[in-house]
Amino acid sequence: MSAPTTIQTNKAGLTKNDYRGLPSTLCQGCGHNSIANQIITVCYDLNIVPEEIIKFSGIGCSSKSPAYFLNRSFGFNGLHGRMSSFATGAMFSDTSLRSIGISGDGDTASIGMGGFKHLVRRNAPIVYIVENNGVYGLTKGQFSATAEKGLNLKHQGINQYMPVDICLEALASNATFVARSFAGDAKQVKELLKAALSHHGVAVLDIISPCVTFNNQDNATHSYTWGKDHEAPLQDISFIPALDEIEILGEFEEGTVREVSMHDGSTILLKKLEKDYDPTNRANAFQMLESAQQKDWLVTGLLYIDESKPTLTEAYNLVETPLNRLQDSDLRPAPETMDKINAMMF
Amino acid sequence: MSAPTTIQTNKAGLTKNDYRGLPSTLCQGCGHNSIANQIITVCYDLNIVPEEIIKFSGIGCSSKSPAYFLNRSFGFNGLHGRMSSFATGAMFSDTSLRSIGISGDGDTASIGMGGFKHLVRRNAPIVYIVENNGVYGLTKGQFSATAEKGLNLKHQGINQYMPVDICLEALASNATFVARSFAGDAKQVKELLKAALSHHGVAVLDIISPCVTFNNQDNATHSYTWGKDHEAPLQDISFIPALDEIEILGEFEEGTVREVSMHDGSTILLKKLEKDYDPTNRANAFQMLESAQQKDWLVTGLLYIDESKPTLTEAYNLVETPLNRLQDSDLRPAPETMDKINAMMF
Amino acid sequence: MSAKVVNDFSITIATVNGSGSQTANVTLLRALFKMGIPVSGKNLFPSNIQGLPTWYTIRLSKEGFIARRDEQEVVVSMNPASFSKDLASVQPGGAFLYADDIKFAINRSDISIYPMPVKQIARAANVSSALRDYIANMVYVGVLAQMLGIEMETIKQALSFHFKGKAEAVESNFGTIKAGADWAAQNLKKSDPFSVARMDATSNYVMADGNTAAALGAVYGGLQFEAWYPITPASSVAEALNVYLPQFRKTAEGKQTYAVMQAEDELAAIGMAIGAGWGGLRSMTSTSGPGLSLMAEYAGLGYFAEVPVVVWDVQRMGPSTGLPTRTAQGDLTEVYSLSHGDKQNIILLPGSVQECFEFGWKALDLAATLQSPIFVLSDLDLGMNQWMTKPFEYPDVPLERGKVLWEADLEKLSGIWSRYKDSDGDGIAYRTVPGNKHHSAAWFGRGTGHDEEARYTEDSVSWENNMARLKKKYDTARSLVPKPVIKAGRGATIGIIAYGSSDPAVDEALAFLKKVEGPKFAYMRLRALPCTAEVQNFIKKYERIYIVEGNRDGQLRQILSAVLPDQAPKFRSACHSDGLPLTAKWVKEAIMAQEK
Amino acid sequence: MSAKVVNDFSITIATVNGSGSQTANVTLLRALFKMGIPVSGKNLFPSNIQGLPTWYTIRLSKEGFIARRDEQEVVVSMNPASFSKDLASVQPGGAFLYADDIKFAINRSDISIYPMPVKQIARAANVSSALRDYIANMVYVGVLAQMLGIEMETIKQALSFHFKGKAEAVESNFGTIKAGADWAAQNLKKSDPFSVARMDATSNYVMADGNTAAALGAVYGGLQFEAWYPITPASSVAEALNVYLPQFRKTAEGKQTYAVMQAEDELAAIGMAIGAGWGGLRSMTSTSGPGLSLMAEYAGLGYFAEVPVVVWDVQRMGPSTGLPTRTAQGDLTEVYSLSHGDKQNIILLPGSVQECFEFGWKALDLAATLQSPIFVLSDLDLGMNQWMTKPFEYPDVPLERGKVLWEADLEKLSGIWSRYKDSDGDGIAYRTVPGNKHHSAAWFGRGTGHDEEARYTEDSVSWENNMARLKKKYDTARSLVPKPVIKAGRGATIGIIAYGSSDPAVDEALAFLKKVEGPKFAYMRLRALPCTAEVQNFIKKYERIYIVEGNRDGQLRQILSAVLPDQAPKFRSACHSDGLPLTAKWVKEAIMAQEK
Ligand SMILES: Cc1ncc(C[n+]2csc(CCOP(=O)(O)OP(=O)(O)O)c2C)c(N)n1
Ligand SMILES: Cc1ncc(C[n+]2csc(CCOP(=O)(O)OP(=O)(O)O)c2C)c(N)n1
Ligand code: SF4
Ligand code: SF4
Ligand SMILES: [Mg+2]
Ligand SMILES: [Mg+2]
């Protein structure tokens, strides 16, 4: 650097400010704001170049939040419930970019259920975050499909149905990375985000993100209070980027840590808490979610990971050059071929 | 009866003919035809009055089949992928009627995924049959979402994605009755249908029903051959209607039979095969589906049942009289109330 | 101080949304209404939940005009973010009240300026800190009451209504209002000309919003099934059903004669509603633009399989997600042509809150009679704002159940009937519904080609006959849908057509146009499509026709040109689409500009 | 036997679907085409897979008319289920051939009757029993060849093409055909006047269907992303892409420059296509009516966020699921008004197979230029039937990539640009796409209100300005879309407008109208909306205008009335909607009836 400066930069030469977005217009205290802040921090920490990210969202308070981080990234705030389809198409434009999608529980589990399930099934390479508050924030407090049975909301009555479990849905659709977290647990959100950004394929992050305006009663399962009281982390997670020395490993006692190697060379360190949990076994994950439901636990952490599956875009043997940079000559067959085509017609 | 007759009737005084539909226009050998025939038989055997059934379907070869059974029942062949919503509304018209829905794997697992999941989640009282052939029959042989990874179809190439597992989806959505069967196993289909018709809530029946025209290659997981070779029944099922004596029980050795009591007083007898399987434990069902997937088994039989949950329509404290028979006086508040309303307006 | 202006000005209150100012604003509106002064209130709110600028405008009009006005004589500013804009917006000679903790230079000397120690007074109210922002709003109510002369008693009535008589809430709010008023009495010297005074012009009115009215209309229309999906500005239709159905439509034993379902999306909502309509229930779904678009496929099924259902569309500004909290009349062409293939959709256009009530039940009747989807196009302005309105009137005709055959009917017919046969020459066939146990009752419905017996067929002649019958049915609808409301003075040579919430502005513009030199105008408020004979006659009668509407493209003009091609050359568009309710001034100018 | 009729009659073959008769029928069609005789083939098939009646009609016309004709001179009946109907359908003086295992009384003496021992000859072919039904169809090919004089050599060419030169398949089929011909030569005595003879009227043509042509056009248009969902009659567009993209659009290293995705439904299909279009890919989705309806919401997003995408709609008979295997032009009004709020959708109307190819690439260019969805309305007749068509022509202009700024462009602009600003006065703004690494490249797109910088705003003025710019863009489109094709002889006073697959029938009707006493007609084939200047001039020029279309409601007439209200009184509808392709006779009579 030419002159001394007090502004701190990361290895990409960028300041934290380069990762920010517009000022949030969400409510003060909304869980979504804290997630946006973690995304800013994580991208800064991981030295990600913001131009190499595309942001996607649907419609909802949650879906507004991509405007509040990574101003220097392209993004699209699409239709309610349709983030999946838009992102699926857009990610083909330049497969060297990474995708982050922010959706709500209404956006994903109500109107967007079909699209979500099929995006997951295709292992589309995207970090798919559901900012899950059990309610429709932006339309002022109706039940979403993740609202717990028995929840009582103003003007809406009592919810009669079992909640959709985003993680269970992701697993059933053969997701290759499934995690749950809680906006009140900033550290875990951060480490999971880092891991998700290194994941090869779809990374579904179901983050309980309280709506302080419409669904934050102490006994509501999407409230801060309930979350703090019921959170049961599976592990203590640390993410180690590919290039960092893994000296850190030495710090742990034998057998207390599980290591998961990522496709890009990074490592996830999972420090055991009460019980050991193997996140590479799908049956385990089903079991865990089933028992969490019965025990009223907010199980958080990395539920399942599989780094070995090809992603959606890999399934298409595409040229190296980003498709959207191909030249006319790549896109239109030569004039000579015209006769051949006509001959093929009979 | 006034004169002796050779035509056999059931306890409802009806002949088998009273349960038939129009001649099928499906291909000869299509699995869907054999399922339609089982429905005819079962309704006859159970002495169901056809006027007390409503039939629903979406669009597809499978969805045509309600025209081929129960001519004397009301029915509606709706839009592709939208059977769930239509049926959900229609079942409120007269809750004393029973609903049977016939959908295809494309209809349910591709375009209809969202609707299906939400119908199941609501425990809508319907026998929901997916005639699952892994392919779009009516549009001539494209992949459906239940097609297995690696399936090769003419003009379509090789399928890249993991199949949607209808039973797993139903379970994840808290279905209260989940079963899988195989159109080639007529007896099992029949007994499961009987049980489903007695079930209190949503009964999801995923029936592998080969498409002989587009997806019946021996190595295709939805073919007759593969099904016959890989079927692994969980139990030997017999359904005992509420009013029949349960003497039949005596026939079995102690401990070889599991009994499930239905809400309407009927009983399902599950005779153990190799291993015992408890279909009232959801965790078991997840486990079983997971291992079936790994072992390439076509697990059939009753995977899960819970007779205790209120159904969708029960959640609404409705009048006894069918809603569609209510009189004007039930439907329009008295003239006196008008002033009260206006007063409420300020 | 210039000449007094009594009961004829506008008050705009600028606040931050999510701060609870709605209660304060509606209290003011109601208090004025209870003083017998004609009022209207327009809420201009952002599409978020908390923290952005929001405005509420109350118009007082002793002449009874209730359209929006652009001019703002009295402005209250509670929001630093919009302060400068608010200050600039005051009419010369007007009054500006503001929370004195906002520190901005005030650069106008042509208006009266009143700082209000809002924080201070609110703090004195001794409420929890969570409620302090909220209670601050009561301060400006008090100050305004004092400065304009709003009767404290009517304010108390308004509070008591709002808090459903809960004495504690009423007292605590009233206390702050009183404190605000007292402070103003002691500290402010009035230098503006605006004041209010009791009249007797509202005693035949009530105050309500169009969505509540729609829901209540449906309650009286025997609604049995509503499926919906939340969306601004339509959610409150279903939410009002959740409030009123349990109160007015349970049996003596407390059992429900209805079901309201929150669906997983709008595709499902209309699907459920159509399923219920097919099943014989009086059925409805309520939505707005984006939801409406998702209903396109199902709408065609409803048309073609002939299922009674009401689709209540509360329009907001599109295209796409657009401006969810702004009003528009932009869904007309979409609804008219909704779904692929040939279809002729029936559309009702309520023009007042009272009419939302009336069409609430009438639409269900029409759906039952015509066995068809009925689309009702309301809008955000009509649906979500509080309007003074004639009281709701009990339906003047019994429920219309349509041509439904039950067991006894079939018995009489010896079981001989055809689902899709035009037995009566009106294009409307008979139907049966599930649960009918007669052995000839059942039929198998579908969206595919069918013959008179509802059997599947691909036969060309059957197809054409059926489609011709549907066309005839649409002609029958022409004589059943609400007729237009026409105001034609003697000597009128030019026509004006408007619809929906444009009515008050056009009405007021007409009063003005009457006074100026020039041609005389006749006014027709269209209330439905297809066009009744009256509509056609009106259009034929005048030299030129102005069509006033809240969209860019002249959507009604397009439709009328297509259905009355001979008259098309006469049409002139007056289109307004900035998301705000129409003003009389705009209408007047738009017409006069083209008349020059 | 009456006078010989050579190369000027129709052959209809009635079979059971799923029996493989398509191969036999197309073989006949191709053989005749290779004899130099102008032909057209129309497949009338049921909406199921196996076992229902299906018909195939081949028209031979030495004058080169390729529209459908109603009259059937030669009928082959292979299906007991339709036998009586088939027999009745033969023109007096015609010929009826039938499989002699069908046992029905034959009650006509005005035609020539030829039984064919189909089963017997097929059995002799010595194929597996699974193939026997299929091979039976080859028998009638042989009999017809013998009776009409179709050259065996051209039949062999047709077979060889069909079986991609696989000798075994060709020989086995040809063997049966030969056996059929031989049997006929020995056993049948010709008593009808119909025969074929070699001409030289097809050497400048190829045979293809419109869906294949559309796909190939897109291949040459640089298509990079297609998302689709199966639906009749559109599936074969995507399936043809699956065939041709790998052959013509892989790099030398065998890498793909494109991706084709089967989506989970049409909502997702258009969503993916719009996502890809936004991302800078040349993108398309193909569908039919029900799918189109499901795309309504996304279409509005495409219009408003200004995303290039092509929506290729192969129309079938609606409303609703309707008749999935019958043709129609019934989606015009829906597409025109697709999505809520104001929108002006751009529509292309290909009228021939060659034009399907041309619009296949042109639509992608227009989408890129106009940053807008482009809707192309083909139909089942055009899309799925084999047509003789001029060979496809290599695009005469380079790919149009539209106003896309890359790093170097932004560098030149010092990073100063605005996503939604009308810098060039044509309503079209500049855009950047993901992957552009310039620090000023990124923008955040949305379907909500936005200003010139793509920032969210609810401001009324920004909203109106943006909508006005979109309107200007539509005017720009007017000068870019394909101009109409006009045929106007001297002295014409009356105009005819038609579009799409109606062209051959109108063309033929004109030839007839020319010959009769009465007014002279000018014909304009519309190829796009918005209307270009040429369209407006044509309409203004003539006294009366007949608008011929394949729907019940005169959909184009409605649209033209709305956009040219001054001309609306001149329009007359000639609407035809029975699901079958239009005939010249019908057109002629429809016009003459109104001219009386
Ligand atoms: C098609 C459509 N239907 C309905 C809406 C209205 N709408 C906007 S946001 C929203 C729900 C948002 O809930 P969620 O996704 O949970 O997000 P949150 O606001 O809770 O973060 C709805 C129903 C819409 N924009 N589009
Ligand atoms: C909205 C819509 N999209 C597409 C279609 C075309 N379509 C008809 S049936 C079908 C698939 C049927 O597959 P499945 O449900 O598996 O039934 P099957 O024919 O295999 O029994 C499709 C895509 C349609 N009718 N409607
Ligand atoms: S309403 Fe709820 S979800 Fe929306 S911004 Fe406020 S707290 Fe967050
Ligand atoms: S195509 Fe397949 S699914 Fe359809 S009727 Fe034939 S065998 Fe059955
Ligand atoms: Mg939410
Ligand atoms: Mg299928």
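Residue numbers (our numbering), protein chains in the order written: chain A, 228 to 573; chain B, 228 to 573; chain C, 57 to 652; chain D, 57 to 652.
Even for Gly, the Cβ is constructed at its ideal location relative to N, Cα and C.
Just the C-alpha distance for residue i and residue j, rounded to the nearest angstrom, thanks.
i: A533 (chain C); j: L426 (chain C); result: 7 Å
i: M572 (chain A); j: M263 (chain D); result: 6 Å
i: L350 (chain D); j: L301 (chain D); result: 27 Å
i: I67 (chain C); j: L553 (chain A); result: 59 Å
i: F121 (chain D); j: D166 (chain D); result: 27 Å
i: W519 (chain C); j: D480 (chain C); result: 20 Å
i: T564 (chain A); j: D557 (chain A); result: 14 Å
i: W368 (chain C); j: T343 (chain C); result: 6 Å
i: Q387 (chain A); j: A351 (chain B); result: 12 Å
i: G273 (chain D); j: E375 (chain A); result: 52 Å
Have a look at the options and flag the residue whose alpha-carbon is nearest the alpha-carbon of residue i.
i: V429 (chain B); options: B:K567, B:S518, B:N244, B:T403; result: B:T403
i: D48 (chain D); options: D:V174, D:A561, D:G610, D:A618; result: With chain D covering only 57 through 652, there is no way to say anything about residue 48 (chain D).
i: G345 (chain C); options: C:A181, C:V432, C:A332, C:G335; result: C:V432
i: D482 (chain D); options: D:N522, D:W239, D:K311; result: D:N522
i: N23 (chain D); options: D:M203, D:W284, D:S376, D:A214; result: A question about residue 23 (chain D) goes unanswered here, because the residues of chain D that appear run from 57 up to 652.
Exposed or buried, residue i, counting other C-beta atoms within 10 Å across all chains shown (16 or more means buried)?
i: F568 (chain C); result: exposed
i: H396 (chain C); result: buried
i: Q444 (chain A); result: exposed
i: Q369 (chain B); result: buried
i: F448 (chain D); result: buried
Could you please give the first and the last residue of the uninterrupted alpha helix (DSSP H) stretch that includes residue i?
i: E390 (chain D); result: 388-392
i: E129 (chain D); result: Careful: E129 (chain D) lies outside any alpha helix (DSSP H), inside the beta strand (DSSP E) at 128-133.
Might you give, ordered along the chain, the residues of its own chain that have their beta carbon closer than 6 Å to the beta carbon of residue i, omitting 5 neighbours on each side?
i: K597 (chain D); result: none
Starting from the beta carbon of residue i, find every residue of chain G whose beta carbon is closer than 7 Å, and list them in chain order.
i: A510 (chain B); result: This model lacks chain G altogether, as its protein chains are A, B, C and D.
Grab the span of the beta strand (DSSP E) containing residue i for me, first residue to last.
i: K282 (chain A); result: 280-284
Should residue i be listed as close to ligand 7, given that the test is whether its C-beta is under 7 Å from any heavy atom?
i: T440 (chain A); result: Of the ligands one can find in the structure shown, namely ligand 1, ligand 2, ligand 3, ligand 4, ligand 5 and ligand 6, none is ligand 7.
Excluding sequence positions up to five away, which residues of its chain have a Cβ less than 7 Å from the Cβ of residue i?
i: L58 (chain C); result: Sequence inspection shows Ser at residue 58 (chain C); the Leu mentioned does not correspond to that position. The residues are G149, P249.
i: D463 (chain A); result: K498, L500
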